[in-house]
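Below you'll find the structure, written out as structure tokens, and then a few comments.
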Amino acid sequence: MSSTDLAARPIGIFDSGIGGLTVARAVNQVLPHERLVYFGDTAHLPYGDKSTAAIQAYAVKICDLLLKQQCKVILIACNSASAAAYELVREYVGSKARVLNVIDPIVAHVGQQYAGRTVGLIGTKQTVNSNVYRKKIDDLDAQVELRSLATPLLAPMIEEGFFDNSIAENVIETYLTNPALDGIEALVLACTHYPLIKSQIADFYQERVAVLDASDVVARHVQQYLDHHGLAARPGSAAPAHHFYVSDFTRSFEESTRIFFGQEVHLEHYPLWE
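Be aware that the sequence shown starts at 720, since it is given in the working numbering, and climbs by one per residue.
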């Protein structure tokens, strides 16, 4: 197959639900000529409280769909799935597609920009308790002191639409004033829901702390990866037609999808197990 044919194939993105749409939106912004195929495993969310074996089983089934769609790259747009299934998915997919995750680009960015400094991180209990960020950042040997805090109320709060009001401000302030985050110079938003409250977090810190939106970092990484490997799609005359699947369809997800992706989206129901 020619590199041109390969480059014309879509980018596959999957997540435990709709949170990964913030990553898809960021990818769409920096790579407007790329066609996206998104899968939200809404039947099994959240992945944060699932076993590693369960997440791996879901990931393999989702990759079967994305490979059927002839995706050239599969991006695991979920911190929990990136931690639990990245190596297995790479092995499973083999040479059929390239596989990327959301953790490694952020770790690399922190190592490059914040060597020798103190960095905070907020995420789900699963992400924080897995220590995956701490291990990978320590492996860089960049003398980054990572201070992590699990913020379990944030994702469900955002899912319910509470992300631009006084309730959200109170919850955010309660977490960010936790002594675990004292003295940080930057804060990693290690959950794909959190870009929707980035402005409130930035307002709280009043420019004293850099707020690192993981979706932007990941999108730039995907852009660099495609360019480096000659996989970037050529500009077309029409905007690419993206495809969005969910494993369990509800009207509320369709509405939330519009909020997370930033534009109207049609969801197609695709159960993982018939």
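For glycine and all other residues, C-beta sits at the position ideal for the given N, C-alpha and C. Predicted, not measured: the structure shown is a model, and the values here were computed from it.
Item, Value
"With C-beta atoms as the reference, is residue 903 less than 8 Å away from residue 866?", "yes"
"Measuring only the C-alpha atoms, how far is residue 838 from residue 919?", "19 Å"
"My output table needs one value for residue 867: the three-state DSSP class, helix, strand or coil.", "strand"
"Jot down the residue ranges of each uninterrupted alpha helix (DSSP H) in the segment 872-949, minimum 4 residues, whole runs only, in chain order.", "873-878, 885-895, 917-924, 933-947"
"Alpha carbon to alpha carbon, what distance is there between residue 939 and residue 773?", "30 Å"
"Counting only beta-carbon separations shorter than 8 Å, does residue 856 have a partner in chain D?", "You won't find chain D in this structure, because it holds only one protein chain."
"Can you check whether the CB of residue 840 is closer than 8 Å to the CB of residue 907?", "yes"
"Confirm the yes/no value for this check: CB of residue 800, any heavy atom of the ligand FMN, distance under 7 Å.", "The ligand FMN is not part of the structure shown, which contains no ligands of any sort."
"With a 10 Å radius around its C-beta and 16 neighbouring C-beta atoms as the bar for buried, classify residue 845 as buried or exposed.", "buried"
"In the DSSP assignment, the beta strand (DSSP E) including residue 757 goes from what residue to what residue?", "755-759"
"Please tell me whether residue 742 and residue 730 are closer than 8 Å, where the distance is taken between their beta carbons.", "no"
"To the nearest angstrom, how far is it from the Cα of residue 759 to the Cα of residue 898?", "35 Å"
"Quick check: the segment 923-938 against the segment 820-838, are at least 3 beta-carbon pairs closer than 8 Å?", "yes"
"With residue 822 and residue 852 assumed to form a contact (beta carbons below 8 Å), what rounded beta-carbon distance in angstroms separates them?", "7 Å"
"In terms of residues, what are the limits of the alpha helix (DSSP H) holding residue 820?", "Taken as a continuous stretch (DSSP letters only), residue 820 belongs to no alpha helix (DSSP H), being part of the beta strand (DSSP E) at 817-820."
"Which value, in whole angstroms, describes the spacing of the CA atoms of residue 797 and residue 916?", "17 Å"
"When the distance is taken between beta carbons, is residue 987 closer than 8 Å to residue 963?", "yes"
"On the premise that residue 894 lies in contact with residue 868, defined as a C-beta separation below 8 Å, what is that separation, rounded to the nearest angstrom?", "7 Å"
"Pick from 733, 877, 761, 871: whose alpha carbon is nearest that of residue 779?", "733"
"Residue 964 bridges to which residues according to DSSP?", "758, 987"
"Do you know offhand how far residue 858's Cα is from residue 836's?", "15 Å"
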